[in-house]
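**Student:** So for the sequence shown, numbering that gives the first Met the number 0 puts the first residue at 0; every next one is plus one.
Glycine residues also receive a C-beta, built at the ideal position from the N, C-alpha and C atoms.
Small disclaimer: the values here were computed from a predicted structure and weren't measured.
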Amino acid sequence: MSGKRLASLRPILALFWAERRTLLLVGAMLAALTVLCGMALLGLSGWFISATAIAGLSAATALAFDVFMPSSGIRLFTLGRTFARYGERLATHDATLAVLAALRVRLFRGWAQPRAARQLALRPARLLFRLTCDIDALDSLYLRVLVPLGAALAAVLAASVALGAVDLRLGLVVLALMVVTTLLVLRSTWLGSLRPAQRRTQALESLRAQAADLVAGQTELLMAGRLAAQGRHLAASDARLAHCDDQLNRLDNRAGLAFGVLGSVLLALTLLVAGWLVSVEAIDVPVAVFAVLLALTVTEPLAALRRGALEMGRTTLAARRIAPQLSAAEPTRCEGSPPAGPVVQVRRACARHPGAGRDALQDIDLHIEAGERVALVGCSGAGKSSLLALLSGELALRSGEVRVTSAQGWLTQRTELFQDSLRDNLLLAAPTASDAQLWQALDAAGLGDPLRAWPEGLDTRLGEGGQGLSGGQARRLALARLLLQNAPLWLLDEPSEGLDGATARQVLAGLDRADQGRAWLLVTHLRREAALADRLLVLEGGRVCAAWPRGSQGFDTVLAGLRPD
0 MSGKRLASLR
10 PILALFWAER
20 RTLLLVGAML
30 AALTVLCGMA
40 LLGLSGWFIS
50 ATAIAGLSAA
60 TALAFDVFMP
70 SSGIRLFTLG
80 RTFARYGERL
90 ATHDATLAVL
100 AALRVRLFRG
110 WAQPRAARQL
120 ALRPARLLFR
130 LTCDIDALDS
140 LYLRVLVPLG
150 AALAAVLAAS
160 VALGAVDLRL
170 GLVVLALMVV
180 TTLLVLRSTW
190 LGSLRPAQRR
200 TQALESLRAQ
210 AADLVAGQTE
220 LLMAGRLAAQ
230 GRHLAASDAR
240 LAHCDDQLNR
250 LDNRAGLAFG
260 VLGSVLLALT
270 LLVAGWLVSV
280 EAIDVPVAVF
290 AVLLALTVTE
300 PLAALRRGAL
310 EMGRTTLAAR
320 RIAPQLSAAE
330 PTRCEGSPPA
340 GPVVQVRRAC
350 ARHPGAGRDA
360 LQDIDLHIEA
370 GERVALVGCS
380 GAGKSSLLAL
390 LSGELALRSG
400 EVRVTSAQGW
410 LTQRTELFQD
420 SLRDNLLLAA
430 PTASDAQLWQ
440 ALDAAGLGDP
450 LRAWPEGLDT
460 RLGEGGQGLS
470 GGQARRLALA
480 RLLLQNAPLW
490 LLDEPSEGLD
500 GATARQVLAG
510 LDRADQGRAW
520 LLVTHLRREA
530 ALADRLLVLE
540 GGRVCAAWPR
550 GSQGFDTVLA
560 GLRPD
């Protein structure tokens, strides 16, 4: 079971290694050097003070004693410890922040995959948690686990060698005692933290979701008399979070107690052995002082490692949730002219929404040539939006075959805008687009002239959800974003729904002007939208029950039955 948990860390470790391997190694080596300089500084200082005191007992030994070499060593270790600590902090944090930045890019790419995006959109609190707490938990893997582990290993080996030079048996006992005890304590702390860490994650995610619901829906909760109940749910989640924190703190205290006992045992053992060696004149007093002070410092790196073991529970859980998204491929963009031939081929396709009891689409057959405009009509629930979701990849195929030979641009019913500038909202579709290309897309969408009149132009900041724009302006901004994708296939879900007649005609005219031979698949209830199609498909109960080309009597009949402006 432990092996399976650690296996989830491999993609994260691979990302760390691929992004900043040199800095990671330099940081770990500097951390080990810092610990070694600290141990050597204390041991040499103790030896120097005691040796100087003994040498001063007589004039002959005082004159013969060399004070320059030990004092130079003390200065060297003092400066080395300072500079190594500074370099270690600089290297490790620079490497970690760079890796986490690359990790966020990879995760956004993974969550941009249609199915993943749809699932997370249903639970925005989970998305927020993945982007914040889960990613933050992964910095512990290097800073609180790998680096302290390397430093502790260097300290144990150095202390064992130094004490072994004083007495071989003492060095071997210290090595065995340190390794066995440390492994047992760390393993116990890590495994003991898994369940509280998982419960803490669930409690924190629930707390965030409930707090967001309380803020966003306080008016509705108040009107329904549920405000106090929501507050109680929030308090219960906070209590669960506090209980989990208490369990983790208890684990930390137990590990600290174990390492404290280990340090006391090592110190007492070294003191007894050193005293015995002095009594039999195997070593002198300064060497004994050196050995005792060295034993005093050898457990110092274990304090950081203890915290890392406690964080491993949270880190492994975060890695298990995040690792599957790291393998997402680079998004593809299709530039230039639309390809010749069919862009969509669907044969006997069946699909079902997650948790649904029946298929949303049944035995669908669809063929769209390049440059062809196809409109899907039918009553609500007939499967029109489900077919768009199937072609975009948001809905999984249960049976049949779906082939989409070109990239798609999808204009959904809901316009998603972010609390950012107009420019940044547009650059989501084409990150490398110039300002001239952005204005060209806005002009094609019929939004260029109004925005040029604004003082800040493309730098105008939008509020949450696109506040600052009217419904028609937001829709045209979404249209401009669609045009920037330059995709050969457009999936349009009621593009002018909810707009007044004049604004709707502007949006549809913008689509018509920017067509350039693209294929359309248009979902609509409106006559003004269906009139742009070359072919009408009538859906009923998830099946295509009729298909009418432009110019046929059926086309005109279906068009006349749609909702007018």
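Exposed or buried, ILE321, counting other C-beta atoms within 10 Å across all chains shown (16 or more means buried)?
**Tutor:** Per the 10 Å Cβ criterion, buried.
**Student:** According to DSSP, ALA408 sits in a beta bridge with which residue or residues?
**Tutor:** Sequence check: residue 408 is Gly here, not Ala. Bridge partners of GLY408: TRP489.
**Student:** Measuring alpha carbon to alpha carbon, tell me which of LEU293, ASN485, LEU510 ends up nearest LEU41.
**Tutor:** Comparing Cα positions, the closest option is LEU293.
**Student:** Does ILE367 come out as helix, strand or coil in the three-state DSSP assignment?
**Tutor:** Looking at ILE367 - three-state DSSP - the assignment turns out to be strand.
**Student:** If contacts are defined as beta-carbon pairs under 8 Å, then LEU384 and ASP492 qualify, I think. What distance do you get, rounded to the angstrom?
**Tutor:** Contrary to the premise, residue 384 reads as Ser rather than Leu in this sequence. That belief holds up - the Cβ atoms of SER384 and ASP492 are roughly 6 Å apart, short of 8 Å.
**Student:** Reducing DSSP to helix, strand and coil, say where ARG253 ends up.
**Tutor:** ARG253 falls in the helix class under three-state DSSP.
**Student:** Please list, in chain order, all residues of the same chain as THR411 whose beta carbon is under 7 Å from its beta carbon, the five residues on each side excluded.
**Tutor:** Closer than 7 Å at the Cβ level, and outside the excluded window around THR411, lie ASP492.
**Student:** Classify ASN485: buried if its beta carbon has 16 or more other beta carbons within 10 angstroms, exposed otherwise.
**Tutor:** Classification for ASN485: buried.
**Student:** Can you tell me which of GLN344, VAL146, LEU360, THR51 puts its alpha carbon nearest to the alpha carbon of ALA350?
**Tutor:** Closest option to ALA350, Cα to Cα, is LEU360.
**Student:** Which one of GLY380, THR404, TRP409 has the shortest CA to CA distance from GLU393?
**Tutor:** When only C-alpha atoms are compared, the closest one is TRP409.
**Student:** Taking C-alpha atoms, which residue in ARG413, PHE417, THR414, LEU386 lies nearest to ARG402?
**Tutor:** Cα-wise, what sits closest to ARG402 is LEU386.
**Student:** So, with DSSP's three-state summary, where would you put GLN515?
**Tutor:** Reduced to three states, the DSSP call for GLN515 is coil.
**Student:** Taking three-plus beta-carbon pairs below 8 Å as touching, is the segment 195 to 211 in contact with the segment 228 to 242?
**Tutor:** The segment 195 to 211 vs the segment 228 to 242: in contact.
**Student:** Starting from the N-terminal side, write out each stretch of the beta strand (DSSP E) that is 3 residues or longer and does not extend beyond the segment 519 to 562.
**Tutor:** If we require 3 residues or more, the beta strand (DSSP E) runs fully inside the segment 519 to 562 come out as 534 to 539, 542 to 548.
**Student:** Kindly give me the distance between the Cβ atoms of GLU528 and SER495, rounded to whole angstroms, as I take these residues to be in contact under 8 Å.
**Tutor:** Contact holds; Cβ gap of about 6 Å.
**Student:** DSSP on ASP448, reduced to helix/strand/coil?
**Tutor:** Residue state, collapsed to three classes: helix.
**Student:** So, is ALA13 buried or exposed, given that buried needs 16 or more other C-beta atoms within 10 angstroms?
**Tutor:** The residue in question, ALA13, is exposed, as its Cβ has fewer than 16 Cβ neighbours within 10 Å.
**Student:** Would you please state the rounded distance, in angstroms, between the beta carbons of LEU476 and LEU446? I believe it to be under 8 Å.
**Tutor:** That pair is a contact at about 6 Å.
**Student:** Would you mind reading off the limits of the beta strand (DSSP E) that contains SER49?
**Tutor:** Unbroken run through SER49 is the alpha helix (DSSP H), 9 to 54; no beta strand (DSSP E).
**Student:** Under the three-state reduction of DSSP, which class applies to PRO494: helix, strand or coil?
**Tutor:** PRO494 falls in the coil class under three-state DSSP.
**Student:** Drop a sphere of 10 angstroms on the beta-carbon of ASP555, count the other beta-carbons inside from all chains shown, and report buried for 16 or more, exposed for fewer.
**Tutor:** The residue in question, ASP555, is exposed, as its Cβ has fewer than 16 Cβ neighbours within 10 Å.
**Student:** Would you check if there are 3 or more beta carbon pairs closer than 8 Å linking the segment 523 to 540 to the segment 355 to 373?
**Tutor:** The answer is yes - the segment 355 to 373 touches the segment 523 to 540, with three or more Cβ pairs under 8 Å.
**Student:** Tell me, please, which residues DSSP counts as bridged to SER398.
**Tutor:** SER398 pairs with CYS349.
**Student:** Please state if the CB of ALA443 and the CB of ALA513 are separated by a distance shorter than 9 Å.
**Tutor:** In this structure, ALA443 lies closer than 9 Å to ALA513 by Cβ.
**Student:** Buried or exposed: SER192, going by 16 or more other Cβ atoms within 10 Å of its Cβ?
**Tutor:** Buried is the call here.
**Student:** On the DSSP bridge assignment, give the partners of ARG74 in chain order.
**Tutor:** Paired residue(s): none; ARG74 is not in a bridge.
**Student:** Would you list the residues sitting across from PRO341 in a DSSP beta bridge?
**Tutor:** Paired residues: GLU368.
**Student:** Whole angstroms is fine: what's the gap from GLU299's alpha carbon to SER57's?
**Tutor:** Going from the Cα of GLU299 to the Cα of SER57 covers about 37 Å.
**Student:** What residue does the alpha helix (DSSP H) around ASP358 start on, and which one ends it?
**Tutor:** Where ASP358 is concerned, there is no enclosing alpha helix (DSSP H), given that its DSSP letter is neither H nor E.
**Student:** CA-CA distance, LEU233 and GLN209?
**Tutor:** Each residue's Cα considered, the two are about 6 Å apart.
**Student:** What residues are listed by DSSP as bridge partners for LEU375?
**Tutor:** Its beta-bridge partners are VAL522, LEU536.
**Student:** Hey, out of ALA101, ARG526, ARG313, whose CA is closest to TRP189's CA?
**Tutor:** Checking every option, the nearest Cα to that of TRP189 belongs to ARG313.
**Student:** Based on Cα-Cα distance, which residue from GLY467, MET38, ALA479, LEU250 lies nearest to ASP434?
**Tutor:** The residue with the shortest Cα to Cα distance from ASP434 is ALA479.
**Student:** For ARG80, is the classification buried or exposed, using 16 other Cβ atoms within 10 angstroms of its Cβ as the cut-off for buried?
**Tutor:** Answer is buried; the Cβ neighbour count reaches 16.
**Student:** What number of angstroms, rounded off, separates the C-alpha of ALA164 from the C-alpha of ILE53?
**Tutor:** Rounded to whole angstroms, ALA164 to ILE53 spans 22 Å at the Cα level.
**Student:** May I ask you to report which of helix, strand or coil DSSP gives SER57?
**Tutor:** Three-state result, SER57: coil.
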